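So in numbering that gives the first Met the number 0, spot 115 of the sequence shown is number 114, and the numbers just go up one at a time.
Built from N, CA and C at the ideal position, the CB exists for glycine as well.
Since this is a predicted model, take the numbers as computed values, not measurements.
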Amino acid sequence: MTKGIFQMNKNIIIRFGLLVCMLTVLLLLQCQFRAMLPSEVTEIVEELKAKHQPDRRISIFDVEAQRHKNEIVLTGETLSPAAKLELMHRLSGLTAYSFVDSVLLLPAPGVGKDSCGIVRVSVGQIRRGPNVDYEIVTQTLLGERLRLLKRKGWWYYVQLEDQYLGWIMRSSLAIGDRAFLKTWDDRQKLVVTANWGQVLEKPDADYWLPVADLVLGNRLAKIKKTAGWYQVGLPDGREGFVAANLVAEADWLAKQTAPTEQALVKLSYRFKGIPYFWGGRSTKGFDCSGFTQTVFGWHGIQLPRDANMQLHQGVEVEIDEELTNLKTGDLLFFGRSLERITHVGMFIGNDKFIHADGIVHINSFNPQDETYSEHRKRGLKAVRRILK
0 MTKGIFQMNK
10 NIIIRFGLLV
20 CMLTVLLLLQ
30 CQFRAMLPSE
40 VTEIVEELKA
50 KHQPDRRISI
60 FDVEAQRHKN
70 EIVLTGETLS
80 PAAKLELMHR
90 LSGLTAYSFV
100 DSVLLLPAPG
110 VGKDSCGIVR
120 VSVGQIRRGP
130 NVDYEIVTQT
140 LLGERLRLLK
150 RKGWWYYVQL
160 EDQYLGWIMR
170 SSLAIGDRAF
180 LKTWDDRQKL
190 VVTANWGQVL
200 EKPDADYWLP
210 VADLVLGNRL
220 AKIKKTAGWY
230 QVGLPDGREG
240 FVAANLVAEA
250 DWLAKQTAPT
260 EQALVKLSYR
270 FKGIPYFWGG
280 RSTKGFDCSG
290 FTQTVFGWHG
300 IQLPRDANMQ
310 LHQGVEVEID
320 EELTNLKTGD
330 LLFFGRSLER
340 ITHVGMFIGN
350 DKFIHADGIV
360 HINSFNPQDE
370 TYSEHRKRGL
380 KAVRRILK
């Protein structure tokens with residue numbers, strides 16, 4: 000019996016060995032097959048990828064080419080019809096090959112005609128992947144418009160107003176077609192000007208049942224004003240009342256928020272003490288670049304989302320030992336090198352700067368100040384002037 004078991008185990012080992020050999024041969028053949036991909040095809044794909052997807056955080060041109068006998072199959076996805084047309088036009092000049100276009104043009108068919116989203120919660124979390132286990136990479140605010148690109152279960156892959164890409168839960172959105180979006184856009188808007196607030200069921204400060212919570216920058220549809228209150232609508236059809244001192248009419252507000260040095264500093268001070276939150280760009284919590292994006296965005300200057308993206312904005316300011324060239328409102332970039340920028344803050348004058356680091360607070364470049372940060376002074380790698 001022992002001999003029989005040994006023989007059976009031996010047969011299993013032999014079969015397993017043969018299977019491993021077969022898989023190895025297939026992998027080698029596949030690698031050899033891919034290696035036969037014409038270099039001119041690879042060069043065109045890589046050139047267009049560099050052109051149309053310079054930054055994966057805000058653009059999509061994820062295209063690969065594989066050779067199958069006499070055909071070259073193109074797979075992947077892109078957000079740009081022009082990029083796809085350019086790809087096929089360039090490849091059509093290679094008449095020695097036959098090309099199969101399997102590149103998906105987003106939005107994906109699974110999204111359908113309802114490809115427009117409006118945020119229905121005060122702060123929507125945008126994640127790196129379609130699961131709560133993925134990190135939060137940024138946030139989107141109530142009333143902001145999103146472009147729905149593809150769907151996976153209860154999640155949508157979306158592009159925000161600042162072009163940033165990520166995944167958001169379906170429950171954070173009101174969804175519809177272009178007519179739905181136009182209806183929302185055409186409604187007169189109110190913007191939340193307080194750091195926090197609530198929409199209530201009744202116009203009564205002592206009434207405690209809320210419809211929704213609010214943060215600075217949230218957008219509401221104005222229905223009517225009555226005795227110190229606005230009746231408002233949310234993108235998903237809910238209605239309620241918000242105290243008039245928490246909001247301003249969007250058209251009026253746009254004329255009051257000119258970007259001056261004093262205005263930037265005044266708003267930034269309102270955020271002192273708000274906790275640091277990775278991916279945050281709301282008054283519930285900021286990361287460093289979410290803080291600067293919010294301060295400038297409130298005054299009509301749209302900065303990119305991340306610190307190493309904001310580095311490429313504005314005019315370069317030369318850094319000397321005494322930092323004499325700095326002006327209030329300048330963006331300060333910190334890190335190990337220009338290629339590894341990891342933090343951003345805003346200069347507020349008198350050797351001081353404000354930034355989100357632990358909490359939103361002020362530090363100084365002056366060793367005589369109690370708020371002096373040697374770490375930040377040593378790490379200052381670049382300054383950019385955004386205000387003209």
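- Going by beta carbons, Gly278 and Thr139 fall outside the 7 Å limit.
- For Trp166, the enclosing beta strand (DSSP E) begins and ends at Leu164 to Met168.
- When beta bridges are read from the DSSP output, Met345 appears opposite Leu330 and Ile353.
- Under the criterion of beta carbons closer than 8 Å, Ala243 and Leu215 do not qualify as touching, at roughly 16 Å.
- Checking the DSSP bridge columns, you'll see Val198 partnered with Ala211.
- If you compare the alpha carbons of Val314, Lys201 and Gly357 with that of Phe285, the shortest gap goes to Gly357.
- Spanning the alpha carbons of Arg119 and Leu331 requires a straight line of approximately 34 Å.
- Secondary structure at Asn362: strand, using DSSP grouped into helix, strand and coil.
- With contacts defined by Cβ atoms closer than 7 Å, Lys271 and Val359 form a contacting pair.
- The Cβ atoms of Val122 and Lys283 lie closer than 7 Å to each other.
- Between Leu245 and Gly196, the CB-CB gap stays under 7 Å.
- Ranked by how close their Cα comes to the Cα of Lys387, the residues Asp54, Gln312 and Ala173 have Gln312 in first place.
- Distance from Val210 to Cys287 at the Cβ level is roughly 33 Å; contact not present, criterion being Cβ atoms closer than 8 Å.
- Taking one beta carbon from each stretch, the segment 333-350 and the segment 373-381 have 3 or more pairs nearer than 8 Å; the two touch.
- The C-beta separation of Thr327 from Ile347 comes to about 6 Å, placing the pair in contact by the 8 Å criterion.
- Spatial neighbours of Leu104 in its own chain (CB-CB distance under 7 Å, excluding positions within 5 residues in sequence) are listed in chain order as Thr77, Pro80 and Lys83.
- Cβ-Cβ distances below 6 Å link Phe295 to Leu302 in the same chain, with the five nearest sequence neighbours on each side left out; the list follows chain order.
- DSSP, read as helix, strand or coil, puts Thr139 in strand.
- The alpha helix (DSSP H) runs lying completely inside the segment 35-117 and spanning 4 residues or more are 38-51 and 80-91, given in chain order.
- With respect to the C-alpha of Glu338, the residue from Leu86, Phe98 and Leu310 having the closest C-alpha is Leu310.
- Of all C-beta pairs linking the segment 316-323 to the segment 140-159, fewer than three are shorter than 8 Å, placing the two stretches out of contact.
- Looking at Trp154, Leu263 and Val110, the one whose alpha-carbon comes closest to that of Arg126 is Trp154.
- Under the three-pair Cβ rule at 8 Å, the segment 53-73 counts as touching the segment 95-109.
- Here Thr291 is buried. Its C-beta has 16 or more other C-beta atoms within 10 Å.
- For Gln230, no alpha helix (DSSP H) segment is defined; the enclosing uninterrupted segment is the beta strand (DSSP E) at Trp228 to Gly232.
- Put simply, the backbone Cα of Thr225 is about 41 Å away from that of Ile361.
- For Asn130, the closest alpha carbon among the candidates Ile117, Lys149 and Ile167 is that of Ile167.
- Within 10 angstroms of the beta-carbon of Leu86 lie 16 or more other beta-carbons, which makes it buried.
- Within the model, the alpha-carbon separation for Arg169 versus Pro202 is close to 30 Å.
- Taking a 10 Å sphere around the C-beta of Tyr163, we find 16 or more other C-beta atoms and assign the residue as buried.
- Check the Cα spacing between Ala249 and each of Phe240, Lys188 and Val241: the tightest is with Lys188.
- Leu245 has no beta-bridge partner at all, per DSSP.
- For Pro274, the pairing in a beta bridge is given by DSSP as Ile358.
- Here Arg304 is buried. Its C-beta has 16 or more other C-beta atoms within 10 Å.
- Taking a contact as a CB-CB distance under 8 Å, the pair Arg218 and Val264 does not count as one, their CB atoms being some 25 Å apart.
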